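Below is one structure, written out as structure tokens; the observations come after it.
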Amino acid sequence: MFRSYAATEGVKDEGFNPPDAGDFNLPPFIDGNTFATKPILLAFFSVTLISIFFILASRKSALVPSKLQFAGESIYGFVRNDLGRDVIGHEFMRFVPYLFTLFTFILVNNIFGIIPLIQFPTMSRVSFPYVLAAITFFVFHYIGVRRHGIIAYLKGIMFIPGVPKPAYILITPLELATYFIVRPMTLSLRLFANMFAGHLLLLVFILGGEHLLSGVIGLKVVSPFSFVVAIALTFFEFMVQCLQAYIFTLLTALYITGALADEH
Amino acid sequence: MRIFQLATTELAAGEELNPLIPHTSEIIVGFVAFSLLYIVLRRAVVPKFEKAFADRTEAIQGGMERAEKAQREAESALTQYKTQLADARGEAQQIREEARVQGAAIIEEMRTKAQEEAARITSTAQAAIEAERQQAINSLRNEVGTLATELASKIVGEALDDQVRQSRIVDRFLSDLEKSK
């Protein structure tokens with residue numbers, strides 16, 4: 120799929136081109152329209168998919184759930200209880216819709232990376248993790264300011280109680296950097312880099328296997344191993360994709376808890 | 025090599041290739057898509073799931089509360105029955121005790137009465153015997169006096185000279201006596 124794009128540029132015949140960042144720059148279907156790209160389509164597709172699934176699953180809200188309702192409830196219950204209630208505490212219900220959206224949106228868009236024919240993790244486009252991290256950034260600071268007032272909130276971040284005064288010279292800049300730079304950066308880059316690297320890894324083994332297959336007989340023999348590794352890596356990727364969705368949501372919940380807490 | 029190729033074919037290819045540079049269109053779409061999903065899930069999905077959870081909790085808790093209530097009722101009924109049983113036993117014991125005491129009292133009373141009755145009968149009989157004896161003594165005394173007087177007058181009137189005559193007079197007197205009876 121991506122090679123065909125490369126092929127149009129006439130580079131295929133010059134030996135094996137290892138996949139690189141260019142493979143993530145898919146051209147628009149409609150020339151010049153930057154909205155008509157695969158990642159954007161996938162983002163909307165994921166929204167449709169998640170909405171339909173959960174609306175169908177939750178429609179009846181029966182006492183004894185059907186299989187579909189049970190599946191939906193399991194995912195919702197996981198986010199609600201394990202990420203919401205257990206992390207945030209008694210006020211968790213306010214944040215469950217946000218955490219739930221975050222988790223399902225990231226999870227489905229990640230898993231697109233290994234779904235046949237789709238095979239592109241939306242989150243490997245850095246814009247999406249940036250947006251999500253920005254929303255989380257805004258949400259937890261907003262909650263902190265609402266809870267404590269802006270001065271008390273900033274004071275809580277900058278001057279951790281129980282620290283000797285001279286240490287503030289060192290700690291205050293670090294804390295400020297943590298809250299306003301490191302947290303959103305790590306949140307978005309962790310997700311992006313995992314998806315980016317995972318996809319690149321799959322490309323290397325799949326395209327590599329393909330290339331080996333077109334080589335001399337000795338290389339043809341080696342090529343199945345490349346595909347086997349690609350399949351194994353697909354399973355590994357599935358794990359990473361779920362894990363990254365979980366981590367992003369968990370960290371958001373933790374940041375919210377920190378903003379709600381009386382002392383930072 | 026690829027970078028150069030792209031650089032020649034695309035405008036601003038260097039910027040495009042840096043995977044850390046976000047695209048405006050994607051940022052807009054990311055925000056819009058996420059917001060849409062948030063609205064849908066918050067409006068349509070979360071309340072329904074929460075309702076299902078609440079209903080289930082309600083059902084389970086309601087069932088447990090009902091069971092607890094039934095158990096409490098059963099326990100209270102059991103204690104009530106036990107108390108009643110104990111009461112009944114106590115009452116029966118009391119009644120038996122009373123009956124025993126009453127029985128003893130009745131027996132004692134009867135005995136006393138019987139003894140009194142016996143004593144009364146004995147004394148009445150004795151009194152009657154005494155009276156009759158007295159009466160007999162009195163009448164005997166009268167009759168013996170009369171008889172003696174009568175006998176003496178007869179004996180004197182007949183002039184008693186021999187033994188045979190004497191006994192004949194006594195016999196006649198006795199037979200007269202028999203006839204007069």
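Heads up: the sequence lines are chains A and B, in that order.
Residue 120 is where the first sequence starts when you use this note's numbering, and the numbers rise one by one after that.
Residue 25 is where the second sequence starts when you use this note's numbering, and the numbers rise one by one after that.
All C-beta atoms in this analysis are idealised placements derived from N, C-alpha and C, irrespective of residue type, glycine included.
Note that this is a predicted model, so its numbers are computed, not measured.
Extent of the continuous alpha helix (DSSP H) run through residue i
i	result
Lys157 of chain A	Lys157 to Ser177
Ile350 of chain A	Ile336 to Leu379
Met304 of chain A	Arg302 to Leu332
Ala286 of chain A	Looking at the DSSP string, Ala286 of chain A is not in any alpha helix (DSSP H), and its letter there is neither H nor E.
Ile233 of chain A	Run containing Ile233 of chain A: none; DSSP gives neither H nor E here.
Ile279 of chain A	Looking at the DSSP string, Ile279 of chain A is not in any alpha helix (DSSP H), and its letter there is neither H nor E.
Tyr62 of chain B	Thr48 to Val64
Glu202 of chain B	Gln187 to Ser204
Phe256 of chain A	Ser246 to His267
Ser193 of chain A	Lys186 to Gly196
CA nearest to the CA of residue i, picked from the options
i	options	result
Lys274 of chain A	A:Asp381, A:Thr353 and A:Arg309	A:Asp381
Pro43 of chain B	A:Ser345, A:Arg244, A:Ser170 and A:Phe355	A:Arg244
Phe257 of chain A	B:Ala112, B:Lys203, B:Phe55 and B:Ala142	B:Phe55
Ala140 of chain A	A:Tyr298, A:Asn200, A:Ala312 and A:Gly328	A:Ala312
Gly232 of chain A	A:Leu161, A:Asp150, A:Leu308 and A:Phe154	A:Leu161
Leu175 of chain A	A:Asn144, A:Gly191 and A:Gly328	A:Gly191
Phe163 of chain A	B:Ile52, B:Ala83, B:Arg67 and B:Phe77	B:Ile52
Gln238 of chain A	A:Tyr272, A:Met314, A:Gly328 and A:Thr223	A:Met314
Leu201 of chain B	B:Thr148, B:Glu167 and B:Gln95	B:Glu167
Spatial distance of residue i from residue j (CA atoms)
i	j	result
Phe324 of chain A	Val69 of chain B	40 Å
Glu210 of chain A	Ile262 of chain A	12 Å
Leu102 of chain B	Ala110 of chain B	12 Å
Phe247 of chain A	Ser49 of chain B	10 Å
Pro46 of chain B	Tyr249 of chain A	8 Å
Leu182 of chain A	Asp79 of chain B	6 Å
Leu30 of chain B	Gly134 of chain A	In this predicted model, Leu30 of chain B has a pLDDT of only 40, less than 50, meaning its place in the structure is not dependable; the value taken from the coordinates is given anyway. Answer to the nearest angstrom: the Cα atoms are 17 Å apart.
Val194 of chain B	Ala138 of chain B	53 Å
Leu35 of chain B	Thr156 of chain A	Bear in mind that the predicted position of Leu35 of chain B carries a pLDDT of just 42, short of 50, making it unreliable; the figure below should be weighed with that in mind. The alpha-carbon atoms of Leu35 of chain B and Thr156 of chain A are separated by roughly 17 Å.
Tyr374 of chain A	Gln188 of chain A	30 Å
Val166 of chain A	Ile194 of chain A	16 Å
Phe148 of chain A	Pro240 of chain A	18 Å
Ala151 of chain B	Glu132 of chain B	28 Å
Glu115 of chain B	Ala143 of chain B	41 Å
Gly377 of chain A	Val264 of chain A	12 Å
Leu164 of chain B	Thr136 of chain B	41 Å
Ala128 of chain B	Glu140 of chain B	18 Å
Asn229 of chain A	Gly268 of chain A	37 Å
Pro184 of chain A	Arg213 of chain A	25 Å
Phe121 of chain A	Ala316 of chain A	Because the pLDDT at Phe121 of chain A is just 43, under 50, the model does not fix this residue reliably, and the value given afterwards should be weighed accordingly. Near 16 Å, if we compare the C-alpha coordinates of Ala316 of chain A and Phe121 of chain A.
His112 of chain B	Glu99 of chain B	Residue identity differs from the one stated: residue 112 of chain B is Ala in this sequence, not His. In a straight line, the C-alpha of Ala112 of chain B is about 20 Å away from that of Glu99 of chain B.
Glu121 of chain B	Gln85 of chain B	53 Å
Tyr105 of chain B	Gly87 of chain B	27 Å
Gln126 of chain B	Glu156 of chain B	44 Å
Ile234 of chain A	Lys284 of chain A	55 Å
Thr223 of chain A	Phe58 of chain B	10 Å
Lys339 of chain A	Tyr298 of chain A	53 Å
Ala125 of chain A	Ile300 of chain A	Below a pLDDT of 50, predicted positions are generally treated as unreliable, and Ala125 of chain A, at 42, falls in that range; no measurement from the model is reported.
Phe259 of chain A	Arg96 of chain B	49 Å
Beta-carbon proximity check, residue i vs residue j, cutoff 9 Å
i	j	result
Ile225 of chain A	Ala372 of chain A	no
Thr255 of chain A	Leu221 of chain A	yes
Pro370 of chain A	Arg302 of chain A	A small correction: the amino acid at residue 370 of chain A is Leu; Pro does not occupy that position in the sequence shown. Yes, the pair counts as a contact, with Cβ atoms nearer than the cut-off.
Leu41 of chain B	Ile169 of chain A	no
Phe278 of chain A	Val64 of chain B	no
Leu295 of chain A	Ile276 of chain A	yes
Lys72 of chain B	Arg178 of chain A	yes
Lys93 of chain B	Ser180 of chain A	no
Pro137 of chain A	Leu145 of chain A	no
Leu310 of chain A	Leu379 of chain A	no
Arg66 of chain B	Pro216 of chain A	yes
Ile290 of chain A	Val282 of chain A	yes
Leu236 of chain A	Thr368 of chain A	no
Any non-hydrogen atom of the ligand FMN closer than 8 Å to residue i Cβ
i	result
Val340 of chain A	Looking for the ligand FMN in the displayed structure turns up nothing, as the structure carries no ligands at all.
For the region 343-355 of chain A against the region 304-324 of chain A, are there 3 or more C-beta pairs whose distance is under 8 Å?
Short answer: they touch.
Would you call the region 312-320 of chain A and the region 354-365 of chain A touching, i.e. three or more CB-CB distances under 8 Å?
Yes, since at least three Cβ pairs between the region 312-320 of chain A and the region 354-365 of chain A fall closer than 8 Å, the two stretches touch.
If you pair each beta-carbon of the region 363-371 of chain A with each one of the region 331-342 of chain A, do three or more pairs fall below 8 Å?
Flag = no, the region 363-371 of chain A and the region 331-342 of chain A do not touch.
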